[in-house]
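>
Protein chains: 2
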Amino acid sequence: MYNCTSHKDCIADALHQAEEICAARHLRFTEIRRKVLELVWQNHGPVKAYDILDRLDGLDHRIAAIKPPTVYRALDFLTENGLVHKINSLNAFVGCSHPLRHKECYFLICSDCGEAKECCNPDIIEAISKTSQRNEFQAEHVTLEITGECSDCRGSAAS
Amino acid sequence: MYNCTSHKDCIADALHQAEEICAARHLRFTEIRRKVLELVWQNHGPVKAYDILDRLDGLDHRIAAIKPPTVYRALDFLTENGLVHKINSLNAFVGCSHPLRHKECYFLICSDCGEAKECCNPDIIEAISKTSQRNEFQAEHVTLEITGECSDCRGSAAS
DNA sequence: GCGGCGAATGTTATATTATAACATATCCAT
DNA sequence: ATGGATATGTTATAATATAACATTCGCCGC
Ligand SMILES: [Zn+2]
Ligand SMILES: [Zn+2]
Ligand SMILES: [Zn+2]
Ligand SMILES: [Zn+2]
Chain P
49 MYNCTSHKDC IADALHQAEE ICAARHLRFT EIRRKVLELV WQNHGPVKAY DILDRLDGLD
109 HRIAAIKPPT VYRALDFLTE NGLVHKINSL NAFVGCSHPL RHKECYFLIC SDCGEAKECC
169 NPDIIEAISK TSQRNEFQAE HVTLEITGEC SDCRGSAAS
Chain S
49 MYNCTSHKDC IADALHQAEE ICAARHLRFT EIRRKVLELV WQNHGPVKAY DILDRLDGLD
109 HRIAAIKPPT VYRALDFLTE NGLVHKINSL NAFVGCSHPL RHKECYFLIC SDCGEAKECC
169 NPDIIEAISK TSQRNEFQAE HVTLEITGEC SDCRGSAAS
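Just so you know, the sequences run in chain order P and S.
For the first sequence, the positions run 49 to 207 when my numbering is used.
For the second sequence, the positions run 49 to 207 when my numbering is used.
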């Protein structure tokens with residue numbers, strides 16, 4: 049779904065934006081939070097918390113073995129501040145592709161290549177909003193995850 | 049969100065429909081599957097697998113202690129056959145309110161009373177379908193879960 | 001009825017995901 | 001430098017889910 053020519057740039061961009069956002073909001077973008085965000089961005093698909101944990105362990109032996117709470121705290125921080133989203137249907141985390149202008153988004157998740165594309169679509173948001181109103185429901189959070197097969201994968205293999 | 053005057057009737061309806069559906073499809077609606085479905089329907093909100101497990105244990109001591117795989121197998125069966133839906137954002141399961149005419153639905157989940165209302169809305173389905181096409185994405189499964197506060201709960205407490 | 005096959009369940013063990021609770025360290029303002 | 005708030009370390013465990021293999025059950029043809 050993504051054809052980034054240089055994924056290092058994707059990561060660098062994400063980290064740079066995170067720095068700016070945290071600075072602007074007077075949040076502390078600590079070393080661990082940075083590393084976790086970097087690892088969430090290791091590809092364009094959702095990443096599991098324990099995979100991040102494993103990588104952190106392997107990454108740097110100056111750092112004592114990282115434990116689950118450390119990773120989950122960093123993920124909580126990143127999620128609360130819109131830098132990362134949790135994909136509930138996969139129990140995994142993906143970097144927000146546009147943290148500055150993120151509103152209600154949804155995900156197209158390819159079950160073949162594992163990538164996730166974050167999309168914003170006014171029609172869907174509108175439809176959800178209307179239906180909430182019709183049901184006199186005060187929506188606070190929307191999880192919309194569409195799994196299937198992306199065009200790249202459908203093209204490359206008979207399915 | 050629901051004001052069922054007699055929830056026993058809700059449960060009886062659900063079980064009856066399940067019987068018919070399984071009969072029509074030549075599926076075996078076994079005692080365990082029936083009990084699990086009954087427990088999923090213990091209220092109009094999502095129920096946790098391990099709560100079902102606990103209830104089954106307490107329910108009937110003729111039956112040897114039920115183990116997790118038994119419950120998950122029954123939930124898998126019920127889910128595969130559209131009698132139950134999994135709410136991914138809660139790791140919980142809820143009975144399908146219309147298994148015979150279920151299509152793509154979504155859930156309004158009240159974080160206060162814990163009830164979940166299953167809705168079908170052509171506009172949302174249409175919008176999701178269109179956006180999938182625009183992204184050349186072959187959608188296979190949609191998770192749409194809207195959490196918030198229902199009108200009953202919003203009315204009864206200042207929030 | 002009996003044998004056999006496939007589906008369902010039992011059983012044991014363990015994998016995976018996530019958090020509670022308390023100790024320690026770090027940051028930063030005064 | 002001191003104190004309070006925030007972040008991280010540490011230990012333990014809770015909560016969710018599945019793998020793998022054994023046994024039983026239901027059904028069908030004989
Ligand atoms: Zn990239
Ligand atoms: Zn986003
Ligand atoms: Zn009811
Ligand atoms: Zn409610």
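Every residue gets a Cβ at the ideal spot worked out from N, C-alpha and C, and that includes glycine.
Treat the numbers as computed from the prediction; the structure is a model and nothing was measured.
1. Does the stretch 153–171 of chain S come close enough to the stretch 132–141 of chain S to have 3 or more Cβ pairs within less than 8 angstroms?
2. Indicate whether at least one CB of chain S lies closer than 9 angstroms to the CB of Asp57 of chain P.
3. Work out the CA separation of Leu131 of chain P and Thr179 of chain S for me, nearest whole Å.
4. On a Cα-Cα basis, can you pick out the residue from P:Ala71, P:Ile80, P:Val142, P:Glu152 that is closest to Ile176 of chain P?
5. In chain order, what residues of the same chain lie with their CB nearer than 7 angstroms to the CB of Tyr120 of chain S, ignoring the 5 residues before and after it?
6. Taking 9 angstroms as the CB-CB cut-off, is Ala206 of chain S touching chain P?
7. Apply the 10 Å Cβ neighbour rule to Glu174 of chain P and answer buried if 16 or more other Cβ atoms are within range, or exposed otherwise.
8. Since His92 of chain P sits in a beta bridge, which residues does DSSP pair it with?
9. Can you tell me whether Arg149 of chain S is buried or exposed? The criterion is at least 16 other CB atoms within 10 Å of its CB, across all chains shown.
10. Suppose the cutoff is 6 angstroms on Cβ atoms and the five residues either side in sequence are ignored; what does the same chain contact list for Cys198 of chain P look like?
11. Does any residue of chain P have a CB that is nearer than 9 angstroms to the CB of His189 of chain S?
12. Can you tell me whether Leu138 of chain S is helix, strand or coil according to DSSP?
13. Using a C-beta cutoff of 9 angstroms, does Ile194 of chain S count as contacting chain P?
14. Could you tell me if the beta carbon of Cys161 of chain S falls within a distance shorter than 8 angstroms of some heavy atom in ligand 4?
15. By alpha-carbon positions, which one of S:Glu193, S:Asn183, S:Leu85 ends up nearest to Asn129 of chain S?
16. For Ile172 of chain P, go through chain S and note every residue whose CB falls closer than 8 angstroms to its CB, in chain order.
17. Distance check for Thr195 of chain P and Leu188 of chain S, CA to CA, integer angstroms please.
18. Any residue with its C-beta under 6 angstroms from a non-hydrogen atom of ligand 1 counts. Can you list them all in chain order?
19. Does DSSP put Ile194 of chain P in a helix, in a strand, or in coil?
20. Find the nearest neighbour of Pro94 of chain P within the set P:Cys144, P:Gln65, P:Arg182, judged by alpha-carbon distance.
21. Quick one: Cα of Cys52 of chain P to Cα of Asp171 of chain P, how far?
22. Given a threshold of 16 other Cβ atoms within 10 Å of its Cβ, counted over all protein chains shown, does Arg182 of chain S qualify as buried or as exposed?
23. For Glu184 of chain P versus Arg73 of chain S, is the C-beta spacing smaller than 9 angstroms?
24. Anything in chain S within Cβ reach of Arg149 of chain P, meaning under 7 angstroms, just list it in chain order.
25. Does chain P have any CB closer than 9 angstroms to the CB of Phe141 of chain S?
26. Got a sec, what are the start and stop residues for the alpha helix (DSSP H) Ala164 of chain S sits in?
27. If we define contact as Cβ-Cβ less than 9 angstroms, is Lys96 of chain S a contact residue for chain P?
28. Between S:Lys115, S:His133, S:Gln186, S:Ala60, which has its C-alpha nearest Ile80 of chain S's C-alpha?
29. Give me the Cα-Cα distance between Gln65 of chain P and Phe77 of chain P, rounded to the nearest whole angstrom.
30. Beta carbon of Pro94 of chain P: closer than 8 angstroms to some heavy atom of ligand 2?
Answer, in terms of the structure:
1. yes
2. Translated into positions along the first sequence, residue 57 of chain P becomes position 9. Chain S contact via Cβ: absent.
3. Locating residue 179 of chain S in the second sequence gives position 131, counting from the first residue. Locating residue 131 of chain P in the first sequence gives position 83, counting from the first residue. Spanning the two alpha carbons is a distance of roughly 24 angstroms.
4. Here residue 176 of chain P refers to the residue found at position 128 when the first sequence is read from its first residue. Residue P:Glu152 is the option with its Cα nearest to Ile176 of chain P.
5. If you number the second sequence from 1, residue 120 of chain S lands on position 72. Same-chain partners within the cutoff: Ala97.
6. As a first step, residue 206 of chain S must be located in the second sequence, where it is residue number 158. With a pLDDT of only 49 at Ala206 of chain S, under 50, the local geometry of the prediction cannot be trusted, and the value read off the model is given with reservation. No, no contact with chain P.
7. In the first sequence, counting from the first residue as 1, residue 174 of chain P sits at position 126. Exposed is the call here.
8. Numbered from 1 along the first sequence, position 44 holds the residue referred to as residue 92 of chain P. In DSSP, His92 of chain P forms no bridge with anything.
9. The residue you call residue 149 of chain S lines up with position 101 of the second sequence. Arg149 of chain S should be labelled exposed.
10. Numbered from its first residue, the first sequence carries residue 198 of chain P at position 150. Here the set comprises Met49, Cys158.
11. Here residue 189 of chain S is taken as the residue at index 141 of the second sequence, counted from 1. So, interface residue.
12. By one-based count along the second sequence, residue 138 of chain S stands at place 90. If DSSP states are grouped into helix, strand and coil, Leu138 of chain S belongs with coil.
13. As a position in the second sequence, residue 194 of chain S is number 146, starting the count at 1. Yes, contact with chain P.
14. By 1-based counting over the second sequence, the position of residue 161 of chain S is 113. Checking the Cβ of Cys161 of chain S against ligand 4 gives yes.
15. Within the second sequence, residue 129 of chain S is the residue found at index 81, counting from 1. For the residues S:Glu193, S:Asn183, S:Leu85, the minimum Cα distance to Asn129 of chain S belongs to S:Leu85.
16. Counted from its first residue, the first sequence places residue 172 of chain P at position 124. The answer, in chain order, is Ile172, Ala175, Ile176, Thr179.
17. Residue numbering aside, residue 188 of chain S sits at position 140 when the second sequence is read from its first letter. Residue numbering aside, residue 195 of chain P sits at position 147 when the first sequence is read from its first letter. The sequence shown places Glu at residue 188 of chain S, rather than the Leu named in the question. Approximately 6 angstroms between the Cα atoms of the pair.
18. Going by the Cβ distance cut-off, the answer is P:Tyr50, P:Cys52, P:His55, P:Cys58, P:His92.
19. The count along the first sequence starts at 1 and reaches residue 194 of chain P at position 146. The answer is strand: DSSP assigns Ile194 of chain P an E or B state.
20. Residue 94 of chain P sits at position 46 when you count from the first residue of the first sequence. Pro94 of chain P has its Cα closest to that of P:Cys144, out of P:Cys144, P:Gln65, P:Arg182.
21. Your numbering for residue 52 of chain P matches position 4 in the first sequence. Your numbering for residue 171 of chain P matches position 123 in the first sequence. Going from the Cα of Cys52 of chain P to the Cα of Asp171 of chain P covers about 28 angstroms.
22. Counting from 1 along the second sequence, the entry for residue 182 of chain S is found at position 134. Exposed, by the Cβ-count rule.
23. The residue given as residue 184 of chain P occupies position 136 in the first sequence. The residue given as residue 73 of chain S occupies position 25 in the second sequence. Going by C-beta atoms, Glu184 of chain P is not nearer than 9 angstroms to Arg73 of chain S.
24. Residue numbering aside, residue 149 of chain P sits at position 101 when the first sequence is read from its first letter. Near Arg149 of chain P there are no residues of chain S at all, since even the closest Cβ is about 18 angstroms away, more than 7 angstroms.
25. Here residue 141 of chain S is taken as the residue at index 93 of the second sequence, counted from 1. By this cut-off, Phe141 of chain S is not an interface position.
26. Within the second sequence, residue 164 of chain S is the residue found at index 116, counting from 1. That residue, Ala164 of chain S, is in no alpha helix (DSSP H); its beta strand (DSSP E) goes 164–167.
27. As a first step, residue 96 of chain S must be located in the second sequence, where it is residue number 48. By this cut-off, Lys96 of chain S is not an interface position.
28. Within the second sequence, the letter at position 32 stands for residue 80 of chain S. Ile80 of chain S has its Cα closest to that of S:Lys115, out of S:Lys115, S:His133, S:Gln186, S:Ala60.
29. As a first step, residue 65 of chain P must be located in the first sequence, where it is residue number 17. As a first step, residue 77 of chain P must be located in the first sequence, where it is residue number 29. Rounded to the nearest angstrom, the two C-alpha atoms are 11 angstroms apart.
30. Position 46 of the first sequence holds residue 94 of chain P. Pro94 of chain P Cβ: outside cutoff for every heavy atom of ligand 2.
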